[in-house]
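Protein chains in written order, with the working numbering: chain A, 1 to 111; chain B, 1 to 115. Glycine included, every Cβ here is placed at the ideal spot set by N, Cα and C. Just so it is clear, the structure is predicted and the values come from calculations on it, not from any experiment.
What follows is the structure, given as structure tokens:
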């Protein structure tokens, strides 16, 4: 049974710092790993989707990597800004049409 | 092309009432998924539907919860005799087909509060 864990649960950093959010999954037989952003009381915004054949994806200041053998994915945010403050969720897709979500990392970037 | 639409966005019900949550998938999408997010938790899969068929309802509580996706109209998640523990955000997602290559697109969610 796939389980997804995100560490840390919460993170507070000063503006301008580079930071890494971690996501680990127990079953390496995944098709995709997707990172989402969720603002308080809002829906999900897809940030990056990494297919199993890929090792990383980049979009602007965001870079996500995937290491299936170790069951890990990281989301790297460069030069963080207060507008990056949100909860970041990772979700593993194992081909059974269910996304298995982690509990998220609540990020606060201080001005 | 409008994204996945859900209504209402916020719903308040008293204990024992019924809650009906609606989801209109993206245009051309015939696969719908419902997820529930309890406070301070990640989203958890509830049910997967195709037009007029429930494919997998393994994540949905057996009692009081039901879902449908009729030939015409939105998908409906129905909760009968709501209890305080049903308070959560309910998200709907849709895809054009099922499988690894077909990303699920999420709606804005319906936040249900049971008083």
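Can you give the beta carbon distance from residue 156 of chain B to residue 91 of chain B, rounded, assuming they're within the 8 Å contact cut? Residue coverage of chain B in this structure runs from 1 to 115, which leaves residue 156 of chain B outside it and unanswerable.
Near residue 23 of chain A, what residues of its chain come up, given a Cβ to Cβ distance below 6 Å and the 5 sequence neighbours on each side ignored? 6, 73, 90, 102
Compute the Euclidean distance between the alpha carbons of residue 45 of chain B and residue 79 of chain A, then round it to the nearest angstrom. 34 Å
Using only alpha-carbon positions, find the residue among A:35, A:67, A:39, A:8 that is nearest to residue 47 of chain A. A:35
Quick check: residue 111 of chain A and residue 17 of chain A, are their CB atoms within less than 7 Å of each other? no
Under 8 Å between beta-carbons, which chain A residues line up against residue 45 of chain B? List them in chain order, please. 98, 99, 100
Could you name the residues of the same chain whose beta carbon sits closer than 7 Å to that of residue 5 of chain B, not counting the 5 residues immediately before and after it, in chain order? 24, 107
With a threshold of 7 Å between beta carbons, is residue 106 of chain B in contact with chain A? yes
Less than 7 Å between the beta carbons of residue 10 of chain B and residue 95 of chain B, yes or no? no
Quick one: which chain A residues come within Cβ less than 8 Å of residue 91 of chain B? 43, 44
In the DSSP assignment, what residue or residues form a beta bridge with residue 30 of chain A? According to DSSP, residue 30 of chain A bridges with nothing at all.
Output the boundary residues of the beta strand (DSSP E) element that contains residue 96 of chain B. Taken as a continuous stretch (DSSP letters only), residue 96 of chain B belongs to no beta strand (DSSP E), as it is neither H nor E.
State the DSSP-derived secondary structure class of residue 86 of chain B, mapped to helix, strand or coil. helix
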